[in-house]
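Everything below concerns the one structure shown next.
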Amino acid sequence: MNNDTVRVRFAPSPTGYLHVGGLRTALFNYLFAKHNNGKFILRIEDTDQNRFVEGALENLIKTLKIMGLSYDEGVDVGGDFGPYVQSERKEIYKKYADELIEKKQAYYCFCSPERLEEVRQRQIAEKKPPMYDRHCRELSDEEVKEKLNSGIPHVIRMKIPLLGDVTFTDLIRGEVSFSCKILDDQILVKSDGFPTYHLANVVDDHLMKISHIIRGEEWLPSTPKHVLLYKAFGWNSPMFAHLPLLLNPDRTKLSKRQGDVAVEDYLAKGYLPEAIINFVALLGWNPGSEKEIFSLDELIEKFSIDRVQKAGAIFDINKLNWMNAHYLRSLSDEEITNLCIPYLKQKGYDVSDYEKTIKIVIAVRTHLNYLAEVVNYVDIFFNKEVVFENEEASSVIKTNSAKVVLNELLNILKLEESVNKDNFKNIMKKVQTNTGLKGKDLFMPVRVALTGKTHGPELPLIVDVFGKEECIRRILSVKNN
Ligand code: GLU
């Protein structure tokens, strides 16, 4: 491949949020471009004005930036092939639609919505696939002129060959063939004058000198129409690579019903961008080795289309959790605390004492798959009084051995200058020697006395948060109950 000519694009329709499937498409395009010293372009496909969502574009750009997928050309960075927003290119599409009419590769269609609906119903009744019946395809030049002059609303349709196949090579699927018989005379320009996706997409990919079209499998049925359009214009078509579908674990199409699909939702929950990128990179691509943890730079180095699979890729949230936990482990205590603070604040916890907050986060950080989970583990540190979480916890305190352990611990604590994670093990050793109790009998009463719970962070980390006086106060409070 001639490396100078690789130009790929991510061409989303801004619908309000970035779908994980969209991120995967953006990422694979980005990796392919960077691996081949090519250019990665962001083009906004917003010709469907009905789907306009306020703020969607800004949100999309922001999310791509957070994910580290910088583009060489695009809507807010410019470039030699702009504008990069399709709604600003309406005149260009008009010119090319006219060219197709001229070449008799496209035609005006004046059918009313009512007529089209009638045709559709008839076809459904006859158990035929609903398609335009090509009523206007054979109108004479005079008839067309007359109808245009009298201002009848119209669209422009593509003249699909009536016979034969359209065949193209997909870099992931190999040779793909569609029979023209199943292809509709696709609308290219709508009655409002806006181009459809098909026309705008082909014209732009050509004018922007796109070398490879890497997009989701859901666009595969559009590709024969695109191939025919390239031919109709007399242009070479780019190479195609259709990425496998993303599936839920039950192999249905990835949907909002089974979990989040917006990248923003994952970021908001405290999945780290690096973890999301790493996870998404493995949705349909594999490095050919057992290695699973990759930085963006490593992905650029390793990525190749050859290693993209055809079969659907399962979106396994457990794997994402595992991967995110891995990336969380690599953060320093301070970094992870700073990232946790907004979640704690939002829950109403007082985080004004940074030293204390950092100790709390140190105590719970190994439990976290994602940052928002921090609030699930910290109530024990913020509750002023010890509240037994259940019957099991309160009965632990009532046993004789608990009384013995807690009395002994109190005696020892009072003599210590301070208690912290470093000396707590020794303190408990002393309690063990003096009471003869060990294991659960020794530790459980202490855990429950300090937190009210039978499970939780490691004891030394808990006492490190509380310190000597607070530990004594808590033990006394449950003993006296
Ligand atoms: N605008 C299409 C989308 O929303 C782009 C499909 C393509 O890449 O051709 O995904």
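Quick note: the sequence shown uses this note's numbering, first residue 1042, plus one each step. By construction, the Cβ of each residue, glycine as well, lies at the ideal position given by its N, Cα and C atoms.
Nearest to LYS1343 by C-alpha distance, out of ASP1087, CYS1177, ASN1319, is ASN1319. By the 16-neighbour rule on beta-carbons within 10 angstroms, ILE1223 is exposed. Relative to the non-hydrogen atoms of ligand 1, the Cβ of TRP1363 never comes closer than 7 angstroms to any of them. Around the beta carbon of GLY1325, 16 or more other beta carbons lie within 10 angstroms, which makes this residue buried.
Secondary-structure assignment with DSSP links ILE1228 through a beta bridge to ARG1198. At a cut-off of 7 angstroms, the beta-carbon of ILE1254 counts as near ligand 1: some heavy atom of the ligand is closer than that. Placement of the Cβ of TRP1260 at a distance of less than 7 angstroms from at least one heavy atom of ligand 1 is found. Segment contact: the segment 1430 to 1442 against the segment 1489 to 1503, three or more CB-CB distances shorter than 8 angstroms; contact assigned.
Apart from the 5 residues on each side of it in sequence, CYS1512 sits with its Cβ closer than 8 angstroms to the Cβ of LEU1454, VAL1460, LEU1491, VAL1504 in its chain, given in chain order. Each of LYS1168, GLN1164, PRO1202, ALA1097 was checked against the Cα of LYS1145, and the nearest Cα belongs to PRO1202. In this structure, the beta-carbon distance from THR1088 to PHE1235 falls below 8 angstroms.
Nearest in C-alpha terms to TYR1058, of all of VAL1405, LEU1295, ASP1301, LEU1372, is ASP1301.
SER1393 counts as exposed, since fewer than 16 other C-beta atoms from the protein chains shown sit within 10 angstroms of its C-beta. At a threshold of 7 angstroms, GLU1179 does not count as near ligand 1, since its beta carbon sits no closer than that to any of the ligand's heavy atoms.
Spatial neighbours of ALA1138 in its own chain (CB-CB distance under 8 angstroms, excluding positions within 5 residues in sequence) are listed in chain order as ALA1147, ILE1197, LEU1229, VAL1230, PRO1236, LEU1240. In terms of side-chain proximity, the C-beta atom of PRO1053 is found nearer than 7 angstroms to a non-hydrogen atom of ligand 1. According to the DSSP assignment, VAL1207 belongs to no alpha helix (DSSP H) but to the beta strand (DSSP E) extending over 1206 to 1211.
In the structure shown, ARG1156 adopts helical secondary structure according to DSSP, grouped into three states. Approximately 4 angstroms separates the beta-carbon atoms of TYR1418 and VAL1405; this is inside 8 angstroms, confirming the contact. Runs of alpha helix (DSSP H) with 4 or more residues, each lying fully within the segment 1311 to 1356, are found at 1314 to 1322, 1337 to 1343, listed in chain order. Residue pairing by DSSP places CYS1150 opposite VAL1196 in a beta bridge. For ARG1175, the three-state secondary structure derived from DSSP is coil. Scanning its chain for C-beta atoms nearer than 6 angstroms, with the 5 sequence neighbours on each side dropped, one finds around CYS1381 the residues VAL1402, LEU1412, VAL1415, in chain order. Fewer than three Cβ pairs drawn from the segment 1289 to 1307 and the segment 1273 to 1281 lie within less than 8 angstroms of each other, which leaves the two stretches out of contact.
Contact annotation: the segment 1368 to 1380 does not touch the segment 1343 to 1359, with fewer than three C-beta pairs closer than 8 angstroms. Under the three-state reduction of DSSP output, GLU1114 falls in the strand class. Bridge pairing for ALA1303: HIS1060 [DSSP]. Secondary structure at PRO1236: strand, using DSSP grouped into helix, strand and coil. DSSP places GLU1510 in the uninterrupted alpha helix (DSSP H) bounded by 1500 to 1520. DSSP places ARG1092 in the helix class (H, G or I) of the three-state scheme. For VAL1446, the enclosing alpha helix (DSSP H) begins and ends at 1441 to 1456. Within 7 angstroms of the C-beta of GLU1086 there is at least one heavy atom belonging to ligand 1. When the five nearest sequence neighbours on each side are left out, the beta carbons in the same chain lying within less than 6 angstroms of the beta carbon of GLN1127 are those of GLU1086, ASP1087, THR1088, ALA1241, in order along the chain. With three or more CB-CB distances shorter than 8 angstroms, the segment 1247 to 1264 counts as touching the segment 1064 to 1079. At least one heavy atom of ligand 1 lies less than 7 angstroms from the C-beta of ASN1242. Counting only runs of at least 3 residues, the segment 1250 to 1312 fully encloses the following beta strand (DSSP E) elements, listed from N- to C-terminal order: 1253 to 1257, 1280 to 1284.
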